[in-house]
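Residue numbers (the working numbering), protein chains in the order written: chain A, 47 to 243; chain B, 289 to 610. Everything below concerns the one structure shown next.
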Amino acid sequence: MTDRGQVFTLEAFVSAILLLGAVIFALQAAAVTPQSASTASAHSVTQLEQVAAGVLDDAAADGTLKQTVLYWNSSDERFHGLEAHEDGYTNGNLPTAFGAHLRTAFAGDGVTYNVNVRYEDADGDYETIGVVDSGTPSDDAVTAVALVSLYDDDPLYAADETASAVNVSSGAFYAPDVAPSSGLYHVVSVEVVVWTT
Amino acid sequence: MDHVINADTGRSRGQVLLVTTFGIAVLLVILTVVVNASAFTQMMATTSDDPSRDAIDFTVAASDGVGGAMDYANENEDASSAALEAEFTQSVADWNDRARDHTARRGARTDVSVLETTYETRIAQTDDNRDFRNVSSADDWTPATDVAVVRDARLNVSTSSLKDANWDADASTLASQGVFQVVIEDADGDTWQMFVFQNNSDVYVRAQGVNCGPVSVPANQLVTIDLVDATVDGTTCSQLDDFETLDSPYSIEYRSASNVVGSYTMLVEHSASGIDESDYSLDGTSDPTIDPRLTDATVQVSYVTADVEYVTTTTVQAGGGS
Chain A
47 MTDRGQVFTL EAFVSAILLL GAVIFALQAA AVTPQSASTA SAHSVTQLEQ
97 VAAGVLDDAA ADGTLKQTVL YWNSSDERFH GLEAHEDGYT NGNLPTAFGA
147 HLRTAFAGDG VTYNVNVRYE DADGDYETIG VVDSGTPSDD AVTAVALVSL
197 YDDDPLYAAD ETASAVNVSS GAFYAPDVAP SSGLYHVVSV EVVVWTT
Chain B
289 MDHVINADTG RSRGQVLLVT TFGIAVLLVI LTVVVNASAF TQMMATTSDD
339 PSRDAIDFTV AASDGVGGAM DYANENEDAS SAALEAEFTQ SVADWNDRAR
389 DHTARRGART DVSVLETTYE TRIAQTDDNR DFRNVSSADD WTPATDVAVV
439 RDARLNVSTS SLKDANWDAD ASTLASQGVF QVVIEDADGD TWQMFVFQNN
489 SDVYVRAQGV NCGPVSVPAN QLVTIDLVDA TVDGTTCSQL DDFETLDSPY
539 SIEYRSASNV VGSYTMLVEH SASGIDESDY SLDGTSDPTI DPRLTDATVQ
589 VSYVTADVEY VTTTTVQAGG GS
């Protein structure tokens, strides 16, 4: 009888351990969701990417994206209005028509974005220059990319977004002429990185 | 007996407890797997990884790039269609190389190549006192070949400079007399022929064996012959535009060009090699000149990734570049 009692006890312990293990497994087996420090769902992340791509497409079509790429102060060797220590405009402060597009698209949604221009330097390596620098993107950040073509006779743009008398091929631009045997000056890649805060 | 029965019942309860626990554990695991699969499926369904959008975006960027190359060539290399062609094709090749580096970073292999180009050239002689020979003084020469469309063709001729011929002379007689001719011929050898001559100071224009005229103008005035509008000095002459019934492409030839004085202008659409620049002057003298322009280009764009292979042909118009 003592043996039976011990067996019953053992069976109860095994049952409890088995049940506990199952519960722990159920609690630890999380769904594969984007690791995120924020509360963004997959839907909103997808929507952000589509909005960013749409803004880029519109800006490329109406020329404001190219104007932003060429919004370069050749004297100070930085974008207009930036200080020497600044790596880019802060979120929402890009003073071009493209910046206005971004503000319209992302204002009030708790959305932060970076805008970078990727180009090839004189050594053939690829560099990135920040246009809008809002910090380090979160893990769930999405990126939209557009190519912008520059030609030897494209003018740089002044602070008031009018075409200046200085051409991009004047030598005072951040990207060099990578096609000296033709009228093509450069093909840069504009990246918009968007995330929610 | 009761003792034995109670012992057996006790063992059964223990085993039932274990089996039930085991069953509950299995149910929990199954529930977890199902919920996990549902969440994962929903996440995958809403994940935006649309390679087709990237392909479309690249095609748009390529069209903008090709359009920009076309505009640059038209604005900076308009001396000849050969120079335009060289500049344009080099620009597109450079664009293709630069774009590849960017798209490769996103896992795509891309290519942009030019399949066909179309040029439009304004041919003009503005000096009313010059004959219609080319810059090398050739009497018979071809202003344009491989012409797809003639958009404008107006000749302003001086009556006194024209050969005097009988109004009813046949074509071979007119040709042997050195009467000025415009001959348009297609690839099949079909021709359209126009003679311009005078008879007693009246101008006659004969096209396809039918006379338009006589046209009488004061000695110091020129007679305008419009091939596209089919008029002679404003009067309709329907056989003048019969050359449009020929199958393009065709060539436009002047014969006995020394036997006509005046000015002319033509606007023709042609292939890259349709104009021989050596027939013209490039320095704006009284000699005939050309002003070529690249009007459109057909390009093939391909975008290939592990998930999609997209190849398309698109025609880019001048003036549409970024």
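All C-beta atoms in this analysis are idealised placements derived from N, C-alpha and C, irrespective of residue type, glycine included. Computed from a prediction, not measured in an experiment: that's the story for all the values here.
**Prompt:** Around the C-beta of residue 123 of chain A, are 16 or more other C-beta atoms found within 10 angstroms, so that it is buried, or is it exposed?
**Reply:** Classification for residue 123 of chain A: exposed.
**Request:** May I ask which residues mark the beginning and end of the alpha helix (DSSP H) holding residue 389 of chain B?
**Result:** 369-392
**Prompt:** Is the shortest distance between the beta-carbon of residue 220 of chain A and the beta-carbons of chain B less than 8 Å?
**Reply:** no
**Item:** Helix, strand or coil at residue 81 of chain A according to DSSP, with G and I counted as helix
**Value:** Summary for residue 81 of chain A: the model assigns pLDDT 49, below 50, so the residue's position carries little reliability; its value from the coordinates is reported in the next sentence. Three-state result, residue 81 of chain A: coil.
**Prompt:** How would you call residue 488 of chain B, buried or exposed, if buried means at least 16 neighbouring beta carbons within 10 angstroms?
**Reply:** exposed
**Prompt:** When DSSP builds the beta bridges, which residues end up paired with residue 455 of chain B?
**Reply:** Answer is none; residue 455 of chain B lacks a bridge partner.
**Item:** chain A within 8 Å of residue 378 of chain B, Cβ atoms only
**Value:** yes
**Request:** Would you kindly work out how many angstroms separate the C-alpha atoms of residue 402 of chain B and residue 554 of chain B, rounded to a whole number?
**Result:** 27 Å
**Prompt:** residue 415 of chain B and residue 551 of chain B: beta carbons closer than 8 Å?
**Reply:** yes
**Asked** What is the DSSP secondary structure of residue 97 of chain A, counted as helix, strand or coil?
**Response** helix
**Request:** Please state whether DSSP places residue 211 of chain A in a helix, a strand or coil.
**Result:** Per DSSP, reduced to three states, the secondary structure at residue 211 of chain A is strand.
**Asked** Which residue comes first and which comes last in the alpha helix (DSSP H) that contains residue 147 of chain A?
**Response** 143-152
**Item:** Coarse secondary structure for residue 303 of chain B, derived from DSSP in three states
**Value:** helix
**the region 144-159 of chain A: positions lying closer than 9 Å to chain B by Cβ** = none
**Item:** Touching by the beta-carbon criterion (3+ pairs, under 8 Å), the region 516-525 of chain B and the region 363-379 of chain B
**Value:** no
**Prompt:** With distances taken between CB atoms, is the gap from residue 200 of chain A to residue 116 of chain A smaller than 8 Å?
**Reply:** Yes, the pair counts as a contact, with Cβ atoms nearer than the cut-off.
**Asked** Is there at least one Cβ from chain B nearer than 8 Å to residue 187 of chain A's Cβ?
**Response** no
**Message:** So that I know if they touch, is there some Cβ in chain A lying closer than 8 Å to that of residue 320 of chain B?
**Reply:** yes
**Asked** Per the contact definition of three or more C-beta pairs closer than 8 Å, is the region 303-323 of chain B in contact with the region 357-373 of chain B?
**Response** no
**Message:** Could you give the first and the last residue of the continuous beta strand (DSSP E) run that contains residue 602 of chain B?
**Reply:** 597-605
**Prompt:** Which bits of chain B does residue 58 of chain A rub up against, with CB to CB less than 7 Å?
**Reply:** 305
**Message:** Rounding to the nearest angstrom, what Cα-Cα distance links residue 583 of chain B and residue 405 of chain B in this structure?
**Reply:** 8 Å
**Item:** Beta-carbon spacing of residue 412 of chain B, residue 398 of chain B below 8 Å
**Value:** no
**Message:** Taking 6 Å as the limit between beta carbons, can you name the residues of its chain near residue 574 of chain B, skipping five residues before and five after?
**Reply:** Here the set comprises 415 and 418.
**Asked** Contact check, residue 593 of chain B vs residue 349 of chain B under 8 Å by CB: the rounded distance?
**Response** The pair is not a contact, with the Cβ atoms about 16 Å apart (cut-off 8 Å).
**Request:** Could you tell me whether the Cβ atoms of residue 539 of chain B and residue 432 of chain B are closer together than 8 Å?
**Result:** yes
**Item:** With 16 other Cβ atoms within 10 Å as the buried cut-off, status of residue 360 of chain B
**Value:** Counting Cβ neighbours within 10 Å, residue 360 of chain B comes out buried, since at least 16 surround it.
**Prompt:** According to the Cβ coordinates, are residue 520 of chain B and residue 343 of chain B closer than 8 Å?
**Reply:** no
**Request:** Rounded to whole angstroms, what's the CA-CA distance from residue 174 of chain A to residue 92 of chain A? Just pull it up for me.
**Result:** 25 Å
**Prompt:** Near residue 195 of chain A, which residues of its chain fall below 6 Å by C-beta distance, leaving aside the five closest residues on each side in sequence?
**Reply:** If we look at residue 195 of chain A and ignore the five residues flanking it on each side, its Cβ neighbours are 233.
**Message:** Once DSSP output is grouped into helix, strand and coil, what is the label at residue 91 of chain A?
**Reply:** Correct three-state label for residue 91 of chain A: helix.
**Item:** Contact the region 214-225 of chain A vs the region 128-137 of chain A: 3+ CB pairs below 8 Å
**Value:** no
**Prompt:** Closer than 9 Å, Cβ to any Cβ of chain B: which residues of the region 97-125 of chain A, in chain order?
**Reply:** Those residues of the region 97-125 of chain A that come within reach of chain B (Cβ to Cβ, closer than 9 Å) are 99, 102, 103, 106, 107, 109, 111 and 112.
**Item:** Interface partners of residue 72 of chain A on chain B, CB under 8 Å
**Value:** 316, 317, 319 and 320
**Item:** Three-state class that DSSP yields for residue 102 of chain A in the structure shown
**Value:** helix
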